[in-house]
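K.L.:
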Amino acid sequence: MTVGDLSDAELCGLLRAQRFTLRVGPFLVRLRSVMSEVQAALALLYRAHEIDTEADGAHFVIRLDHPGLVRRFFRAQAQLTFDLRQPFIPLPASMAAPMLEAGLNWCIGNYAHQFLVIHSATLERGGRALLMPAPPGSGKSTLCAALVTRGWRLLSDEFALVDPTTGILVPVPRPIALKEGSIDVIARWAPDAVFGPSVVNNEDETVAYMQPPARSVRDSGLTCRAGWIVVPQYVAGADATTTPMTRARALMHLADNSFNYNFHGRVGFDRLVAIADQAPSVTLRYSRLDEGVDAVDRLAQTGAP
Amino acid sequence: MTPEARDGRGLDLLLAAVRSPQRLVAMSPPEWGALIPSAEEARLLPRLASDAQRMGLTSGLPDWTRGRLTSALVRGQEFERAVKWEIDRVHRALLPAGLRPVFLKGAAYIAAGLPCGVGRVVADVDILVPEAELPRAQVALQQHGWEFEPLEPYDERYYREWMHELPPMRNRDRGTMLDVHHRILPKTGRIHPPTERLLEEAREVSGISVLSPEHMVLHAAAHLFQDGEVAGALRDVVDLRDLIEQFGQDPAFESRLVAEAKVLGLGRPLFYAVRYARLAGCTIDFAGVGPWKPSAPLLAGMDHLVEQTLTRPDTTSGSLGAFALYTRSHWLKMPVGLLLRHVTRKATRNFWS
Amino acid sequence: MPPRPPRWHVADPSALLFQHWPGEDEHVVFNLRSGDLHLLNPAATAVLERLAEAPASVDDLRASLNQIDASALDAVLESLDGLGLIGPLP
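Residue numbers (this note's numbering), protein chains in the order written: chain A, 1 to 305; chain B, 1001 to 1353; chain C, 2001 to 2090.
1) Does L2040(C) get closer than 8 Å to chain B when you measure Cβ to Cβ?
2) Check whether the Cβ of R2050(C) lies closer than 8 Å to any Cβ atom in chain B.
3) Whole angstroms are fine: how far does the CA of G1113(B) sit from the CA of D2081(C)?
4) In this structure, does DSSP put N129(A) in helix, strand or coil?
5) At the 8 Å Cβ level, is Y111(A) part of the contact set with chain B, yes or no?
6) What is the DSSP secondary structure of C107(A), counted as helix, strand or coil?
7) Thinking L284(A) and T223(A) are a contact (beta carbons under 8 Å), I'd like their distance in whole angstroms, please.
8) Using the beta-carbon count (16 or more within 10 Å), is D1250(B) buried or exposed?
9) Which residues, in order along the stretch 1072–1083 of chain B, keep a beta-carbon less than 7 Å from a beta-carbon of chain A?
10) Mind pulling the beta strand (DSSP E) runs of 3 or more residues that sit fully within the stretch 75–103 of chain A?
11) Please specify which runs of the beta strand (DSSP E), each continuous and at least 3 residues long, are wholly inside the stretch 1145–1169 of chain B, giving them in chain order.
12) How about the stretch 1063–1080 of chain B and the stretch 1043–1050 of chain B: do they share at least three Cβ pairs that are nearer than 8 Å?
13) Tell me the rounded alpha-carbon separation between L141(A) and N105(A).
14) Give the straight-line distance between the Cα atoms of G2087(C) and V2029(C), rounded to the nearest whole angstrom.
15) Taking its Cβ as the centre, do 16 or more other Cβ atoms sit within 10 Å of V70(A), making it buried, or is it exposed?
16) Are any of the Cβ atoms in chain C nearer than 8 Å to that of V306(A)?
17) With 8 Å as the limit, tell me which residues of the stretch 11–31 of chain A have their beta carbon closer than that to any beta carbon of chain B; keep them in chain order.
18) Quick one: list the residues of chain A neighbouring L2018(C), beta-carbon separation under 8 Å, in chain order.
19) Counting along the chain, where does the alpha helix (DSSP H) carrying L1024(B) start and finish?
20) T149(A) by DSSP, collapsed to three states: which one?
21) Is the beta carbon of I1184(B) closer than 8 Å to that of L1128(B)?
22) Report yes if the CB atom of F1148(B) is closer than 8 Å to the CB atom of P1135(B), and no otherwise.
23) What does D65(A) pair with, by DSSP beta-bridge criteria?
24) Starting from Q39(A), trace the alpha helix (DSSP H) in both directions and tell me its first and last residue.
25) Any residues in the stretch 205–218 of chain A with a beta carbon nearer than 8 Å to a beta carbon of chain B? Which ones, in chain order?
26) Give the interface partners of R2033(C) over in chain B, defined as CB-CB distance under 8 Å, in chain order.
27) For L2048(C) and L2085(C), which I take to be in contact (beta-carbon distance under 8 Å), what is that distance rounded to the nearest angstrom?
28) State yes or no: is the beta carbon of L2083(C) nearer than 8 Å to at least one beta carbon in chain A?
29) Quick check on the burial criterion: 16 or more other C-beta atoms within 10 angstroms. Buried or exposed for K1262(B)?
30) Name the DSSP beta bridge partners of R30(A), please?
31) Alpha helix (DSSP H) containing I186(A): first to last residue?
32) Between the C-alpha atoms of A17(A) and G127(A), what's the straight-line distance to the nearest angstrom?
33) Mind listing the chain A neighbours of V2028(C)? Cutoff is C-beta to C-beta under 7 Å, in chain order.
34) The alpha helix (DSSP H) spanning G265(A) covers which residue range?
35) Less than 8 Å between the beta carbons of A1026(B) and L1013(B), yes or no?
36) Shortest alpha-carbon distance to H66(A) belongs to which of A48(A), Q301(A), P92(A)?
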C-alpha cells in the first residue's frame, strides 16, 4: 500500500495516531503530525512511497507539530522532534515540507552510520550508478532532476548510501529539492513533473520539492554498483565540457563529501578506493541544462571518459 | 522538555538495562522503540549497543533496531578513535615542552580500556597539570593550534580571576575542546583536594598518565556530589558503578579508597557515590564510608534529589554539548550548509520545552 | 650548544594505508589514527614511505632522498608533522 492509496481522512488519522510509517529506501520513518501542511506535503511528494501498516517500530520517529498552543494559531509555526530532541528552531508553518526534508537529512546524516554516507546525487542507468558528489550550490540537484525526467532512475538527490560490507549503493529516493531559478528551469524542462508549493525559507530563498518519479520509488529495493562519477560545476555561459579526474583526486573528492567513511576505519577507506577504482570520474562544466544532460548521457554510453 | 521526554517508559527501560544488560535479551520491539531515544538522550546508546553486540543479540532484532544500534556502535568507535587521537595531539604539544599532563574522566577511561570507556560519548578532553606549569602549557598548546574560545569579558574574568583556571581551549584544525585544569574542584567550592597528591599518585596506563584508581573514583564522586548538590546525570552514576565494580575486585581497594577520601576531604561525596552507584546496579558496598553518612533528614533530601535528577531525562546542556567533540570535528569535515539551507540548527536549548 | 636536529618517525606504520594508481603522480594516504585522508605529492610520499620503514634524522633523509632539495625537505617534514603523519623521536 502506498501513500497515494490512502484517503485524506485515512492519512490524517494515521498521522495523528502516530501509526503512519513510511518506507524510504532502507529506512522506516514513523511520522506524527496534526498539521495540514504536513499531510499535504506527504500526500503529494511521497505519493508513491510504501507505508508499512504492520511496522513494530521505525529507524526514525519524527513529530512535526506546532511548538505550543500560541504558535498554533498566531503566526503558526512548525517544530520538528526526532527521538527526544528538537534539532531545529521553530519555523513558520508554511515551511513544514522543507523542515521535514531537513529533518530526514539530519537523521540520515547523523543516525545512519550503518552506511557510508556520501553527500552526492545518485542515479542509475543500465544497472550502474552515477554519483555526483558535490556540496550544496553546485547545481547537482538541478541536473539530477533533469536526468530523472530523461530516463535515469533516482536513487537519491542528496545521499549516496554505501553498504560497508558489500560496497553496493542503496537507494533512498525522496522529493528533489530545487531552489530559486532551478524551479522554473525544471518546470519548463519537464512540464509533467509534479511540484509541491514554493516556499520562501529563512534565508530568503524560494524552495520547492519535485515529486520523485513513481518508478524510482517503486524500484527502491534495487541496488547497484558505482559506474561513473561526475562532479558538476555550473558556470554561467559555459559550454558543456567534461574533464577527466585522476583516481587519486576522485578519491579525495569522495572523502571530502563523505560524512562518515572515516568512522568505518579501514573498511570505509577500502570502499571509497573501490568506488574511485571502478567508476571513472570527470568534472562537468556546463550552463545550459540540455548540454549538461547530453554530456552525462554520452558518458553512460561510452563508459570511459 | 518535549512530551516524548516526559514519557517515563523509556527511562525505566534504560535504568533496567543499565542495571542488568541481560534485560536486553527479552526486550520487545516496542520496548526498543522506547529505549533507543532515552538511551540516546542519556549518552548511553553506543554503550548499550556494545552490550547487545557482546551478547550476540543483534541478528535477532528487527531491522530498524539493528540499524540504530549499528549506527550507535560505529559512532562509539569513532569517539574512541577521536579521543585517542586527541590524546596523541596533546602529547605532541606538551611532551617536547617537558610537560606530562594527567588525563581525566572520559579520555582516561577510554585510554585505560575501562568498562566506562566502552562506547563512551565524549564532549571534551580534560587534563590536569601543576599550577606552576599552566603558563608553559598554554604557550605550548597555542603553538600547536589550540586557541581560546572568544569569551565575553565577564566570562574571561570568571575563569581567570575567580576560578583561576584557563578558559576552555579549542583546536583550530579539529574543532575539539580541551580543558586544562590545575585543580579538580572549582576554587569557589568548599573542598580543595590538593592537586599535588593527585599528581604524586598518578600512574601510566597504555602510554598516558591517569589518576590512581582511588582518585578516579573520588574525582568522579566529587564532581557529581560537590557541595551537596547533584551536578550530573545517569551516565555519571553508571561511571561510578563501573569504576567501583572494576577496582573493587581488589580486596585492598576499599581501605585505600577510604584513606584517600580522608586525605582529600572527599568523604561525604564518596559516601553518596557508593550509595547511589547502587541505583545503577552496583553490587559492591563499602562499609568503610559509614562514618560519612549524613543526618537522616539530609540523607532523605539527597535521596530525593538524586531520584529527581539522575533518573530523569538528561536535559543538562551536556547532552547537546556531549556531541560537541563529535559534531565539531564532524561538521568541519562535512560539506557546509547541508541542512542549513532550509533550517537553522539551534545553538542553545529550546526555550519552548 | 645548538639543539640536535630531531630524528623523525612514523608512530604506527600499520595505521597508514597508502593508495596509488599506476601512471598517476599523486599518492593518497589514510591515517587510521587521525581519520584523515591526505593527497601527497611525490616528495611527501617518498619521505613518508621512508619514515614508515624506519626512523631517520634530517641528515639521513637528505642523503637517501637526494632528489628532494633541502628546503623542500624541511617544508615536507613540517607539513607531515603538522598533519600528524610523522613526529619527532624524543
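Cβ coordinates follow ideal geometry from the N, Cα and C atoms, glycine included.
P.N.:
With the structure as the only source:
1) The residue labelled residue 2040(C) in the question sits at position 40 within the third sequence. Judged by the 8 Å Cβ criterion, L2040(C) is not in contact with chain B.
2) For this step, residue 2050(C) is matched to residue 50 along the third sequence. Taking Cβ atoms only, chain B never reaches closer than 8 Å to R2050(C), which makes this a no.
3) The residue labelled residue 2081(C) in the question sits at position 81 within the third sequence. The residue labelled residue 1113(B) in the question sits at position 113 within the second sequence. Those two C-alpha atoms are separated by around 28 Å.
4) One-based indexing of the first sequence puts residue 129(A) at position 129. Here the sequence assigns Ala to residue 129(A), which means Asn is not the residue at that position. In this structure, A129(A) counts as strand in the three-state DSSP scheme.
5) If you number the first sequence from 1, residue 111(A) lands on position 111. It does: the Cβ of Y111(A) has a partner Cβ on chain B nearer than 8 Å.
6) As a working mapping, residue 107(A) is identified with position 107 in the first sequence. Correct three-state label for C107(A): helix.
7) By 1-based counting over the first sequence, the position of residue 284(A) is 284. By 1-based counting over the first sequence, the position of residue 223(A) is 223. At roughly 25 Å, the Cβ-Cβ gap does not stay under 8 Å, so L284(A) and T223(A) are not in contact.
8) The residue given as residue 1250(B) occupies position 250 in the second sequence. Per the 10 Å Cβ criterion, exposed.
9) V1074, R1075, Q1077, E1078
10) 77–82
11) 1146–1148
12) yes
13) Here residue 141(A) corresponds to residue number 141 of the first sequence, with the count starting at 1. Here residue 105(A) corresponds to residue number 105 of the first sequence, with the count starting at 1. In the sequence as displayed, the identity of residue 141(A) is Ser instead of Leu. Cα to Cα, the separation comes out at about 14 Å.
14) On the third sequence, residue 2087(C) is found 87 positions in, with the first residue counted as 1. On the third sequence, residue 2029(C) is found 29 positions in, with the first residue counted as 1. Whole-angstrom Cα-Cα distance: 16 Å.
15) As a first step, residue 70(A) is located in the first sequence; it is residue number 70 there, counting from the start. By the neighbour-count rule (16 or more Cβ atoms within 10 Å), V70(A) is not buried but exposed.
16) No statement about residue 306(A) is possible, as the shown extent of chain A runs from 1 to 305 and does not include it.
17) P26, F27, L28
18) Position 18 of the third sequence, counted from the first residue, corresponds to residue 2018(C). The sequence as given places Phe at residue 2018(C); Leu does not occur at that position. Within chain A, no residue comes near F2018(C); the closest Cβ sits about 11 Å away, beyond 8 Å.
19) In the second sequence, residue 1024(B) corresponds to position 24, counting from 1. No alpha helix (DSSP H) contains L1024(B), which DSSP labels as neither H nor E.
20) Numbered from its first residue, the first sequence carries residue 149(A) at position 149. Looking at T149(A) - three-state DSSP - the assignment turns out to be coil, as it is neither helix nor strand.
21) Start at 1 with the first residue of the second sequence, and residue 1128(B) comes out as number 128. Start at 1 with the first residue of the second sequence, and residue 1184(B) comes out as number 184. Cβ distance < 8 Å, so L1128(B) and I1184(B) count as in contact.
22) Within the second sequence, the letter at position 148 stands for residue 1148(B). Within the second sequence, the letter at position 135 stands for residue 1135(B). No, these two residues do not count as a Cβ contact at 8 Å.
23) Taking the first sequence and counting its residues from 1, the one referred to as residue 65(A) is at position 65. DSSP output for D65(A) lists Q79(A) as bridge partner(s).
24) One-based indexing of the first sequence puts residue 39(A) at position 39. Here the alpha helix (DSSP H) through Q39(A) covers 36–45.
25) E205, V207
26) Translated into the one-based positions of the third sequence, residue 2033(C) becomes position 33. Simply R1081, K1084, W1085, D1088.
27) Counting from one through the third sequence, the residue named residue 2048(C) turns up at place 48. Counting from one through the third sequence, the residue named residue 2085(C) turns up at place 85. L2048(C) to L2085(C), Cβ: 6 Å. Contact.
28) As a working note, residue 2083(C) is residue 83 in the third sequence. No, L2083(C) does not count as interfacial toward chain A.
29) Start at 1 with the first residue of the second sequence, and residue 1262(B) comes out as number 262. It is exposed - the Cβ of K1262(B) has fewer than 16 other Cβ atoms within 10 Å.
30) Taking the first sequence and counting its residues from 1, one reaches residue 30(A) at position 30. Note: R30(A) sits in a beta bridge opposite T21(A), V61(A).
31) To locate residue 186(A), count along the first sequence from 1; it is residue 186. Looking at the DSSP string, the run of the alpha helix (DSSP H) that includes I186(A) is 181–189.
32) Taking the first sequence and counting its residues from 1, the one referred to as residue 17(A) is at position 17. Taking the first sequence and counting its residues from 1, the one referred to as residue 127(A) is at position 127. In a straight line, the C-alpha of A17(A) is about 40 Å away from that of G127(A).
33) Looking up residue 2028(C) in the third sequence gives position 28. Residues of chain A passing the Cβ test: A248, L251, M252.
34) Indexing the first sequence from 1 puts residue 265(A) at position 265. First-last of the alpha helix (DSSP H) with G265(A): 265–278.
35) For this step, residue 1026(B) is matched to residue 26 along the second sequence. For this step, residue 1013(B) is matched to residue 13 along the second sequence. The answer is no: Cβ separation not under 8 Å.
36) Here residue 66(A) refers to the residue found at position 66 when the first sequence is read from its first residue. It is P92(A).
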